[in-house]
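Chains as they are written, first to last, in my numbering: chain A, 1 to 585; chain B, 586 to 765.
From the three backbone atoms N, C-alpha and C, an ideal C-beta is built for every residue, glycine too.
On a predicted model such as this, the values are computed, not experimentally measured, just so you know.
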Amino acid sequence: MKVRVGLGSCGIAAGALEVWDALHDSAAPGLEIEKQQTGCNGMCYQEPLVDIIDDSGSVYSYGRVNPQRLEEIIAAHQSGAGPLAAYLTATQDHDGDFLSRQVKVALRNCGHIDPESLDDYRLSGGYAALQKALTLSPQEVIEEVKTSGLRGRGGAGFPTWFKWQNTRTQTAPVKYVVCNADEGDPGAFMDRSVLEGDPHTVLEGMTIAGYAIGAREGIIYCRAEYPLAIRRLSLAIQSARQSGLLGENIMNSGFGFDIRIKQGAGAFVCGEETALIASLEGERGMPRLKPPYPSVRGYWGHPTNINNVETFANVPWIINNGGAAFAAMGTEDSKGTKVFALAGKINRGGLVEVPMGITLREIIYDIGGGIRDGKRFKAVQQGGPAGGCIPEAHLDTPIDYQKITSLGAIMGSGGMIVVDEDTCMVDLARYFLDFTQKESCGKCVQCRIGTRRMLDIIERICAGQGQPEDIGLLEELGRQISEASLCGLGQGAPNPVLTTLRYFREEYEAHIHDKKCPAKQCKALIKYVIDADKCTGCTICAQRCPVRCICGDKRSVHHIEQEKCIKCGTCLEVCPPRFSAVRVD
Amino acid sequence: MACNLQTRLEAALDSDTVDISLIREVLDYYRHQAGSLITVLQETQAIYGYLPMKALLVIARELKLKPSKVYGAATFYTQFRLQPVGKHLILLCQGTACHVNGADRVAIALCEELKINIGETTADGVFTLDTAACLGCCSLAPVMMIDGQAYGPLTPDKARAVIRKIYSTTTAAAGKGETT
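Structure below.
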């Protein structure tokens with residue numbers, strides 16, 4: 001019997017290490033249990049995850065496992081009683097199946113193999129694509145990628161083959177392959193999952209790219225906030241070198257290629273190619289004007305091909321299965337599959353990989369299981385800080401690059417944050433603007449000062465001091481910032497505001513004209529009130545109030561002193577549900 | 586005038602008590618590798634826990650860079666800090682999923698529990714409270730990371746409990762260290 005424990009960062013955060021440690025004690029004496037660690041299979045909502053693979057090879061997936069449950073599960077399997085139905089992920093997954101609608105290409109190995117074992121990767125077909133690619137000519141490799149229709153998965157969606165071709169045709173003797181692993185979009189974690197769960201596939205994809213464009217060196221620019229990813233990548237690089245899969249004369253082909261890791265230092269703008277290169281060179285990460293593109297003048301002036309983690313993870317599959325197989329999935333404009341990071345107010349949050357062309361509704365309801373706590377869907381924020389909010393009316397839009405853009409959002413790296421009726425769209429726009437404003441590198445005036453001014457306006461709207469002309473001002477500033485900024489950060493920064501103005505204008509108007517926050521989130525526009533008919537004077541709220549602004553004797557109606565209240569919401573949270581005496585006005 | 590200023594600055598910094606010999610090895614290793622400034626800063630921070638001004642000046646001198654360039658990089662990236670941090674670094678995630686799931690209420694609770702604001706260190710030097718743009722554990726939102734370990738999903742009370750547990754372990758260990 002084999003026991004597989006998901007040890008990605010998210011699994012570890014949910015307590016998977018305790019489960020892993022408990023494995024030592026769980027086996028009945030005399031029975032062999034093979035332990036295997038693995039990455040995340042995407043079912044983050046059921047972490048920690050454990051798979052039991054019995055001697056016949058059947059796989060049973062268990063969710064929300066803790067050491068005690070693990071003991072029960074293993075005992076059930078060892079005693080021959082069979083799987084413990086109550087803890088199976090499928091049983092806990094009440095109405096529907098998270099996995100059945102998915103097609104795994106980039107995530108094909110995540111959650112199945114031991115990311116720290118080269119043998120495991122090879123057993124699941126790893127490095128076969130590199131071997132095959134080395135028998136083709138570099139141009140044939142590029143043609144295969146062209147046939148696949150693969151577009152960059154990091155944000156802009158540029159055709160991958162075109163970048164490769166451009167770098168290949170440069171005559172310079174020294175070229176570089178760079179993997180952009182600076183996953184900075186708040187709400188996107190697919191790259192982390194691939195790096196933690198299947199690091200070799202990224203190395204293999206990069207090596208194939210190196211062969212295709214004629215580079216001998218690759219660099220992975222990985223954010224320092226992903227320590228586990230960096231550790232597993234380093235291990236993977238070491239073992240690939242030891243087995244002759246990196247270094248000189250790979251697989252006796254005469255082709256040599258090596259990869260090193262460079263840690264980012266925390267700057268969102270470094271996801272932009274030219275800023276990333278500046279950072280690699282030890283400079284502040286500030287973008288520059290393009291052209292020349294990095295494929296012409298990149299790292300230290302040499303032609304440099306930059307792709308994102310998920311893009312590279314697709315490459316070995318494409319070489320193995322053929323570009324046509326990849327292109328058979330998806331839509332006219334967008335081929336293959338895309339990984340989305342589903343999070344927010346959703347029942348089943350996690351990583352989902354689906355063919356392009358699936359609708360937002362299918363992802364959110366069929367796979368994600370709809371909105372948590374029976375609340376009403378309000379919007380999905382697609383594409384990170386440069387993306388936009390898509391309302392319910394457009395949920396049946398098939399997802400591809402073009403259609404998402406036409407709605408005012410972007411594909412981005414695939415972050416999908418679902419929000420419900422309790423989320424204030426003005427506050428959400430403020431949140432993103434606050435982010436881009438802080439992350440603006442300061443090079444372009446419109447981005448540096450414009451985002452600051454937009455944020456000032458939105459903050460005053462949230463504070464109940466909005467003025468009638470503010471909406472027009474926001475739109476005008478947004479347009480100017482988009483037009484006059486050099487890179488995607490500035491160009492996209494106004495998007496969250498512009499899309500919420502487009503689809504949720506009435507919420508802005510309520511804040512400005514009626515001084516009301518319809519979602520009851522903006523602190524300046526709400527107050528907490530104790531309902532005299534419901535309050536029994538249990539004193540819990542008064543005891544827990546951090547600023548002691550609730551008064552009232554035991555067993556008599558309590559009262560909140562509004563002047564002192566900081567609107568932290570503790571009273572609402574602690575009031576026992578059988579009373580529900582605290583409400584928000 | 587400018588030179589005079591620089592001399593005075595350097596003199597002031599020379600009286601700093603930071604032991605510069607700790608980063609000699611790092612400097613020697615990277616001295617001839619172009620573009621290694623950020624890596625050098627990262628390794629320096631790993632040694633001191635922050636970037637002392639004196640170290641920045643030495644790095645500039647040794648790597649033959651302008652001090653303004655070193656200072657520019659050190660203040661551009663959010664990873665770098667110019668002030669010492671507490672024994673335990675708390676990074677409260679500010680990601681979108683955390684935001685819509687109540688990260689601000691966790692922040693209020695943490696500030697209240699530690700009696701500091703975000704970006705500050707407790708008087709006893711045990712905790713520094715800071716934020717991170719996104720820790721990538723969105724399904725566990727709201728999340729915080731302490732010394733590389735992520736905790737989630739948090740409520741204000743759960744966050745307080747985590748802090749108290751770490752605090753008691755730390756003080757117990759410190760007490761033990763004193764008696765032995």
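Item: Simplified DSSP state of Ser9(A), which is helix, strand or coil; Value: helix
Item: Exposed unless 16 or more other CB atoms sit within 10 angstroms - verdict on His112(A); Value: buried
Item: Length at least 3, wholly inside the region 43 to 98 of chain A: the beta strand (DSSP E) runs in chain order; Value: 50 to 53 and 59 to 62
Item: Residues that DSSP places opposite Met251(A) in a beta bridge; Value: Partner(s): none; Met251(A) has no beta bridge.
Item: Beta-carbon proximity list for Tyr401(A), same chain, < 7 Å, skipping 5 on both sides; Value: Arg151, Gly157, Asp333, Ser334 and Met411
Item: Members of the region 150 to 183 of chain A that neighbour chain B once the beta carbon cut-off is set at 9 Å; Value: Glu183
Item: Range covered by the alpha helix (DSSP H) that runs through Pro138(A); Value: Pro138 to Ser148
Item: 8 Å Cβ cutoff, Thr765(B) in contact with chain A; Value: The predicted position of Thr765(B) is uncertain, since its pLDDT is 37 and thus under 50; no value can be drawn from it.
Item: Contact the region 454 to 463 of chain A vs the region 427 to 436 of chain A: 3+ CB pairs below 8 Å; Value: yes
Item: Gly760(B) (DSSP reduced to helix, strand or coil); Value: helix
Item: Three-state secondary structure (DSSP) of Val611(B); Value: helix
Item: Residues bridged to Ile703(B) [DSSP beta-bridge criterion]; Value: According to DSSP, which records beta bridges pairwise, Ile703(B) is partnered with nothing at all.
Item: DSSP three-state assignment for Cys696(B), whether helix, strand or coil; Value: helix
Item: Given Ile12(A) as reference, the closest of Val728(B), Thr755(B), Thr740(B) and Arg749(B) once Cα atoms are compared; Value: Val728(B)
Item: Environment of Thr169(A) [buried if 16+ CB atoms lie within 10 Å]; Value: exposed
Item: Enclosing alpha helix (DSSP H) for Thr167(A) [first to last residue]; Value: Thr160 to Arg168
Item: Proximity of Ala386(A) and Gly488(A) at Cβ, strictly below 8 Å; Value: yes
Item: Endpoints, beta strand (DSSP E) assigned at Met416(A); Value: Gly415 to Asp420
Item: Proximity test, Cβ basis, 8 Å: Arg690(B) and chain A; Value: yes
Item: Status (buried if at least 16 other CB within 10 Å, exposed otherwise) for Leu607(B); Value: exposed
Item: Residues, ordered as in the chain, of the region 244 to 274 of chain A that lie near chain E by beta-carbon distance below 9 Å; Value: Absent here is chain E; the protein component of the structure consists of chains A and B.
Item: Where Leu622(B) meets chain A, residues with beta-carbon distance less than 7 Å; Value: Gly282
Item: Contacting positions in the region 434 to 451 of chain A - beta carbon closer than 8 Å to chain B; Value: Phe435, Glu439 and Cys441
Item: Enclosing beta strand (DSSP E) for Glu353(A) [first to last residue]; Value: Gly350 to Pro355
Item: Straight-line Cα distance separating Pro138(A) from Ala212(A); Value: 4 Å
Item: Whole-number beta carbon distance between Val177(A) and Gly613(A), since they are thought to touch under 8 Å; Value: Any question about residue 613(A) goes unanswered here, given that chain A covers just 1 to 585.
Item: Residue-chain proximity (Gln382(A), chain B), Cβ-Cβ < 8 Å; Value: no
Item: Below-8 Å beta-carbon distance, Pro577(A) vs any chain B residue; Value: no
Item: Within chain B, partners of Tyr226(A) - CB distance below 8 Å; Value: Gly721
Item: Whole-angstrom distance between Leu739(B) and Gln591(A), CA atom to CA atom; Value: Examination of residue 591(A) is not possible in this model, given that chain A is present from 1 through 585 alone.
Item: Residues near Lys132(A) in its chain [Cβ-Cβ closer than 8 Å; skip 5 each side]; Value: Ile319 and Asn320
Item: Spatial neighbours of Asp396(A) in its chain, beta-carbon cut-off 8 Å, leaving aside the 5 residues before and after; Value: Thr359, Leu360 and Arg361
Item: Close beta carbons around Cys571(A), own chain, < 8 Å, minus the five adjacent residues each side; Value: Tyr528, Ile530, Cys541, Arg544, Cys545, Ile550, Ile560 and Val582
Item: Assigned exposure category for Gly760(B) - 16 Cβ within 10 Å defines buried; Value: exposed
Item: Check whether Ala379(A) and Pro391(A) have beta carbons under 8 Å apart; Value: yes
Item: Residue(s) in a DSSP beta bridge with Asn305(A); Value: Val177(A)
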